[in-house]
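Peer 1: Have a look at the structure that comes next, please.
Residue numbers (the numbering used here): 6 to 341.
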């Protein structure tokens, strides 16, 4: 599929727009900006559209402040024009158009040009003209590098830096089971192209806001552990977020903390974005499949060990539901 995508682009240069999902994480930002820098270096006319702004640390990514990067939430009319004038639209790091939000998904669904999906999540939308979907890949950033490597063009520091950031964030700094020897190989090649991991780590993890530290402290101080010690549940109310003046991305990564507790096989973060609207995040170890769990109970999905979902329950009701339903996916695993 990499060859088909490359061949298509070489034969159909035109105007290209790269899109990624709502609340873009490190892989969304990294794969999109990395690919944008590469394509621009190859002479393509490229625009990037994110549905909304990422967390503050991710806004420091190389190229994020460039004139070709647009935020749909702030530039709705401009993004509509960009998409309407594009010949090719890429969907990066999301499997269905609903992941970009209602307004943008309508533009993507009705796009009259060629639509290309590049993603590593399960259950991709098969309506795209080209679909490069591999759940075995650590990240969309790794998949973008595979395309770039096959194309054989020059990789500048901005491209390498962003792709390495995507690898680092989606693999949990290379500790998640999805990390492969190929992932490490790609990381090594990106270092050779000038990526600077120490600076990436400093930018991502050593620039915490006061509100981020406070909301993490509050959530961790109220953590719940199920009777069998297998599930950790963290919860944050909308009033907590408002009182601490939290910014987008302040809770990013918080759900992973539950897995650091001895015996815990699944960690859950329940975040109340507004009254009657919960955002659920799930992380797990070993063979505990939170992708299946989130699809069945929380209108969500993702990966085997990392998934998300939504709910209209109260926080208390969601906690009780997790307690009663998580037993179905918790299994004995000698590797945990």
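By construction, the Cβ of each residue, glycine as well, lies at the ideal position given by its N, Cα and C atoms. Since this is a predicted model, take the numbers as computed values, not measurements.
The beta strand (DSSP E) with residue 40 in it runs from where to where?
Peer 2: No beta strand (DSSP E) holds residue 40; the alpha helix (DSSP H) holding it covers 31-46.
Peer 1: What are the complete alpha helix (DSSP H) segments, minimum 4 residues, inside the region 45-96?
Peer 2: 81-90
Peer 1: Can you list, in chain order, the residues of its chain with a C-beta nearer than 7 Å to that of residue 152? Leave out the 5 residues immediately preceding and following it.
Peer 2: 7, 10, 11
Peer 1: Could I get the ranges of all uninterrupted beta strand (DSSP E) runs contained in the region 262-314, with 3 residues as the minimum, in chain order?
Peer 2: Counting whole runs of 3 or more residues, the region 262-314 contains the beta strand (DSSP E) stretches 271-279, 282-289.
Peer 1: Can you confirm whether the region 233-244 touches the region 198-207 when touching is taken to mean that 3 or more C-beta pairs between the two stretches lie within less than 8 Å?
Peer 2: The region 198-207 is not in contact with the region 233-244.
Peer 1: Among the residues of its own chain, which have a CB less than 7 Å from the CB of residue 305, if the five just before and after it don't count?
Peer 2: 285, 299, 312, 313, 314, 315
Peer 1: Using alpha carbons as the reference points, say which of 34, 307, 290 lies closest to residue 165.
Peer 2: 34
Peer 1: What does a CB cutoff of less than 8 Å around residue 75 pick up in its chain, not counting 5 residues either side in sequence?
Peer 2: Excluding positions up to five away in sequence, the list reads 52, 53, 54, 55, 83, 84, 87.
Peer 1: At which residues does the alpha helix (DSSP H) containing residue 238 begin and terminate?
Peer 2: No alpha helix (DSSP H) holds residue 238; the beta strand (DSSP E) holding it covers 236-241.
Peer 1: At what residues does the alpha helix (DSSP H) containing residue 191 begin and finish?
Peer 2: 186-197
Peer 1: Would you tell me roughly how many angstroms separate the C-alpha atoms of residue 121 and residue 236, rounded to the nearest one?
Peer 2: 38 Å
Peer 1: According to DSSP, residue 135 sits in a beta bridge with which residue or residues?
Peer 2: 121
Peer 1: Taking C-alpha atoms, which residue in 115, 25, 77, 167 lies nearest to residue 62?
Peer 2: 167
Peer 1: Quick check on DSSP: helix, strand or coil for residue 20?
Peer 2: strand
Peer 1: Take residue 303 and list the residues in its own chain whose beta-carbon comes closer than 7 Å to its own, dropping the five residues that flank it on each side.
Peer 2: Closer than 7 Å at Cβ, skipping near neighbours: 285, 314, 315, 316.
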